[in-house]
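Our numbering applies: residue 209 is where the sequence shown begins, and numbers increase by one.
All residues carry an ideal CB built from backbone N, CA and C; glycine is no exception.
Bear in mind the structure is a predicted one, so any value in this text is a computation, not a measurement.
Only one structure is covered here, and it is reproduced in the block below.
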Amino acid sequence: MVTTLKRPFFINLLCLVSASLAIYFEMVGNREIYVFLKPLTTILIMSHLFFLPNTSFRSGILAALFFCLVGDVLLLFESYFVYGLATFLVGHVLFALAFIKHKGFYLHWGSFVALFGIATALFFWLKPDLGAFMVPVALYVLLISFMAWQGIGTFLRDRAKPYRWIAVAVLLFMFSDTMIAIAKFKSPFYLSSLVILGTYWLSIALIANATYHVVTKEKG
């Protein structure tokens with residue numbers, strides 16, 4: 209039987225293998241295997257939370273990850289990009305709500321100015337190339353920035369290790385989505401799959417691991 213302490217290690221190992229293979233097969237153009245492994249990797253990350261006590265924090269994060277999973281599938285198809293964007297947008301709202309419900313709304317002007325300032329500059333840099341995507345992307349930038357702000361707020365309120373992971377995770381999520389925007393609206397770049405998928409999966413894995421540790425400590 210896998211103990212409570214060993215379970216995250218084995219799940220993380222499976223996630224690493226699945227993510228590495230998914231990135232490899234995407235880079236070499238084997239779409240069939242990539243289409244299978246991409247959602248599988250996210251499901252494996254979600255599995256950290258499957259058998260935890262049903263706390264509000266666990267439920268909120270799991271719901272957010274579910275929308276990430278749906279977004280992963282939709283983004284496999286170019287024609288569904290807007291729908292994928294919308295599902296990730298819902299995911300960010302759910303992440304933010306989970307952070308706020310767990311630790312409270314945190315008003316920190318320094319992180320607000322930094323995050324929203326960078327996001328605004330990025331949006332106006334992308335704006336000439338957005339075309340019909342301008343409004344959806346603007347809304348997405350606003351909501352992911354808010355999610356990241358509140359994720360960092362959990363760490364500013366509580367410096368325990370899980371909240372440090374969440375703070376790093378939300379920044380990685382913003383970075384990954386920035387790279388997606390650059391690749392789609394500006395110009396594809398070398399090793400984009402490795403950079404985008406690697407930082408995305410690391411981000412949600414950190415959130416899942418943090419949630420696992422928070423819930424097991426609360427219910428331990």
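Same chain, Cβ closer than 6 Å to residue i, five either side skipped, listed in chain order
i, result
"A227", "T249 and W409"
"H421", "P370"
"F296", "G279"
"R365", "K311 and Y314"
"F217", "none"
"M209", "Unreliable placement is indicated for M209, whose pLDDT of 40 sits below 50; the coordinate value is still reported in the next sentence. Once the five neighbours on either side are set aside, M209 has no close Cβ partner at all."
"G325", "none"
"R372", "F363"
Sequence-distant residues of the same chain with beta carbon closer than 7 Å to residue i, five excluded per side
i, result
"L293", "P344 and Y348"
"L282", "Y288, Y291, G292 and T295"
Spatially closest choice to residue i from the options, by CA coordinates
i, options, result
"F303", "F289, Y232, L351 and S395", "L351"
"F289", "L323, S411 and K392", "K392"
"L221", "I390, N238, S255 and W357", "S255"
"T362", "F397, F383, T328 and I308", "I308"
"K394", "M355, A356, S384 and L338", "L338"
"I390", "P216, F218, F331 and F244", "F331"
"V301", "L277, M382 and F354", "F354"
"E426", "G237, N262 and R215", "N262"
"F320", "V378, M382, Q358 and A340", "Q358"
"G299", "R367, A375 and L270", "L270"
"A416", "A306, L323 and L229", "A306"
Cβ-based neighbour list, residue i, same chain, cut-off 8 Å, excluding 5 preceding and 5 following
i, result
"E234", "Y242, K246, S401 and L405"
"L380", "T407, Y408, L410, S411 and L414"
"I231", "S401, L402, L405 and G406"
"L277", "P247, T250, I251 and M254"
"A327", "V349, L350, I352, S353 and M382"
Integer Cβ distance of residue i from residue j, believed to fall under 8 Å
i, j, result
"L257", "C223", "Not quite, the Cβ-Cβ distance comes to about 13 Å (not below 8 Å), so this is no contact."
"T386", "F265", "With a Cβ gap of about 27 Å, T386 and F265 do not count as contacting."
Any alpha helix (DSSP H) of 4 or more consecutive residues that is wholly inside the region 231 to 305:
If we require 4 residues or more, the alpha helix (DSSP H) runs fully inside the region 231 to 305 come out as 239 to 254 and 264 to 282.
Just to confirm the assignment: which complete alpha helix (DSSP H) runs, minimum length 4, are found wholly within the region 368 to 418?
Runs of alpha helix (DSSP H) with 4 or more residues, each lying fully within the region 368 to 418, are found at 369 to 389, listed in chain order.
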